[in-house]
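Numbering (our numbering), first residue to last: 316 to 670.
Here's what the structure looks like:
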């Protein structure tokens with residue numbers, strides 16, 4: 316026979332066990348159910364390098380190295396802190412660098428120079444073009460066996476797209492019109508997307524260019540005066556940034572303006588997060604490409620480009636358009652609920668502007 320007092324004791328123990336289980340279930344729910352994107356890691360940025368003498372334009376990551384392209388120089392680092400000059404066989408203003416999953420590609424603006432490298436350290440001259448033939452390269456990408464470059468001069472609006480089917484040795488020009496400037500090209504799910512603008516007689520107007528093979532292209536007018544500078548793709552969304560703000564599209568055909576404000580020059584996607592950078596240290600982040608949140612970069616330098624790799628975002632900037640002071644920034648590790656790492660500590664952790 317169970318006495319009344321004993322029964323109450325058993326009941327209290329049962330309730331206590333249920334309470335403990337409930338607490339554990341709630342804790343587990345919040346730990347596992349909260350998306351990593353809510354703890355982005357882009358709220359805190361660390362200065363990894365600064366100096367003078369070189370203007371740096373673009374940044375990329377691949378094969379264990381961070382690579383930054385610049386004026387007559389390309390530098391690389393395996394920790395985003397200690398940088399070494401790569402071996403470059405031809406001098407040019409390398410305004411773009413891209414990693415296709417296997418190889419780095421660098422595009423030169425002055426001589427339409429194209430370089431490639433497996434590690435960002437030693438570079439090979441692939442080809443040079445004819446600047447008089449509008450081949451002022453602003454961007455390069457490789458996809459599906461085709462290398463595509465985009466270029467043009469902002470002052471004259473003479474440029475276009477160029478494609479190569481023999482690994483960048485020979486290029487064929489594709490001029491959407493004599494008034495186009497291409498500032499960025501990306502390879503998305505087997506297709507190419509290029510962004511730029513054209514002069515319609517009254518001012519620059521945005522244009523998007525779409526191609527399945529890099530040879531035949533379709534033009535899309537966005538309807539916005541964004542003056543597209545850079546493109547990124549993630550979570551089935553294309554995001555374009557520029558001097559007029561940010562626009563986005565799920566198919567490349569219909570575009571929506573999602574943010575207006577400070578001039579933006581670079582955008583990247585990684586671990587479910589978009590990051591855009593621009594004038595006077597501007598950093599914006601978004602988990603959906605639609606709603607953007609300002610972040611504190613800790614610098615007033617103009618951030619030219621942002622990239623993603625090794626679970627962190629990294630950006631390169633210039634103090635003023637007329638000087639050669641530069642800075643390289645890196646965010647905390649993405650997806651952590653605590654600070655990723657302190658400045659200078661990279662242990663334990665595993666992207667344009669034309670002329």
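Ideal Cβ positions, reconstructed from N, Cα and C, are used throughout, including at glycine.
Around the Cβ of residue 627, a 10 Å sphere holds 16 or more other Cβ atoms; the residue is buried. Within the stretch 424-508, no run of alpha helix (DSSP H) at least 4 residues long lies entirely inside it. Taking each of 601, 452 and 632 in turn and checking the Cα distance to residue 355, the smallest one comes out for 601.
The beta carbon of residue 403 lies closer than 6 Å to those of 389 and 438 in the same chain, with the five residues before and after it left out. Under DSSP, the beta-bridge partners assigned to residue 382 are 375 and 391.
When C-beta atoms of the stretch 580-590 are compared with those of the stretch 611-627, three or more pairs fall below 8 Å, so the two segments count as touching.
In the DSSP assignment, residue 622 falls within the beta strand (DSSP E) that extends over 617-624. Nearest in C-alpha terms to residue 474, of all of 483, 482, 487 and 560, is 487. Residue 481 has its alpha-carbon roughly 42 Å from the corresponding atom of residue 614. Annotated three-state conformation of residue 568 is coil, per DSSP. Distances from the alpha-carbon of residue 586 to those of 647, 612, 610 and 594 put 647 closest. Short of 8 Å from the beta carbon of residue 542, and not among the five residues preceding or following it, lie these beta carbons of its own chain, in chain order: 512, 519, 521, 557, 558 and 559. Of the candidates 527, 563, 528 and 526, the residue whose Cα lies closest to the Cα of residue 537 is 563.
Between the stretch 631-646 and the stretch 373-389 there are three or more C-beta pairs closer than 8 Å, enough to call the two in contact. Around the beta carbon of residue 636, a 10 Å sphere encloses fewer than 16 other beta carbons of the protein chains shown; the residue is thus reported as exposed. Taking each of 590, 420, 504 and 603 in turn and checking the Cα distance to residue 609, the smallest one comes out for 590.
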